[in-house]
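Residue 1 is where the sequence shown starts when you use the UniProt record's numbering, and the numbers rise one by one after that.
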Amino acid sequence: MAWIYIIIAAILEAAWTYCVKFFKFSDFKLLTWANFYTLPGLAILAPITGYLLFGLANAWFFSLAIKQIPTAMAFAAWTGASIIMIKLADTLIFREPTSWPEIFFMLLIMIGIMGLKFAAS
């Protein structure tokens with residue numbers, strides 16, 4: 001079950017990362033009660049809300065995982081899986097180009113994560 005928690009935490013970490021990317025403090029000056037629940041207001045509030053929710057959920061799932069497997073192994077797997085999730089989102093959602101060397105090294109990360117899992121068994 002700990003490995004499922006790691007994957008969930010990695011997905012939440014990727015979502016948290018994109019909330020950080022799209023969050024702008026300067027936009028808070030534009031937020032008023034009149035546009036709080038309108039589309040422009042929600043565009044300002046969505047990244048900070050996601051930042052808080054995804055960050056807390058990420059920490060919670062990661063804490064569940066490290067209670068069941070060694071912390072160093074959990075952190076290595078979580079970091080690697082997070083990097084892969086972020087790159088997948090970049091490629092599939094945001095249409096950023098991906099090169100063959102990037103795919104090769106992501107496969108190496110996945111092999112390393114699986115190696116950690118099998119070494120712990």
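Glycine included, C-beta positions come from ideal geometry on N, C-alpha and C.
As the structure is a prediction and not an experimental result, all values here were calculated from the model.
Near residue i, which residues of its chain fall below 8 Å by C-beta distance, leaving aside the five closest residues on each side in sequence?
{"i": "residue 70", "result": "120"}
Under the assumption that residue i contacts residue j (Cβ atoms under 8 Å), give the Cβ distance between them as a whole number of angstroms.
{"i": "residue 86", "j": "residue 109", "result": "Not really, about 12 Å apart at Cβ, beyond 8 Å."}
{"i": "residue 48", "j": "residue 75", "result": "Not confirmed; about 26 Å, so no contact."}
{"i": "residue 14", "j": "residue 77", "result": "Not quite, the Cβ-Cβ distance comes to about 14 Å (not below 8 Å), so this is no contact."}
Please identify the residue among the options whose C-alpha is closest to the C-alpha of residue i.
{"i": "residue 52", "options": "90, 106 and 17", "result": "17"}
{"i": "residue 29", "options": "20, 112, 14 and 45", "result": "45"}
{"i": "residue 19", "options": "114, 117, 94 and 54", "result": "54"}
{"i": "residue 94", "options": "5, 21, 58 and 1", "result": "21"}
For residue i, which residues of its own chain have a beta-carbon under 7 Å away from its beta-carbon, when the five flanking residues on both sides are left out?
{"i": "residue 112", "result": "80"}
{"i": "residue 27", "result": "44"}
{"i": "residue 6", "result": "65, 74, 77, 78 and 81"}
{"i": "residue 3", "result": "117"}
Does the distance from the C-beta atom of residue i to that of residue j stay below 7 Å?
{"i": "residue 12", "j": "residue 73", "result": "no"}
{"i": "residue 99", "j": "residue 10", "result": "no"}
Leaving aside the five residues before and after residue i along the sequence, list all residues of the same chain whose C-beta is less than 6 Å from its C-beta, in chain order.
{"i": "residue 8", "result": "61"}
{"i": "residue 57", "result": "12"}
{"i": "residue 50", "result": "19"}
| query | With contact counted as at least three CB pairs below 8 Å, one residue from each stretch, are the region 38-54 and the region 63-78 in contact? | reply | no
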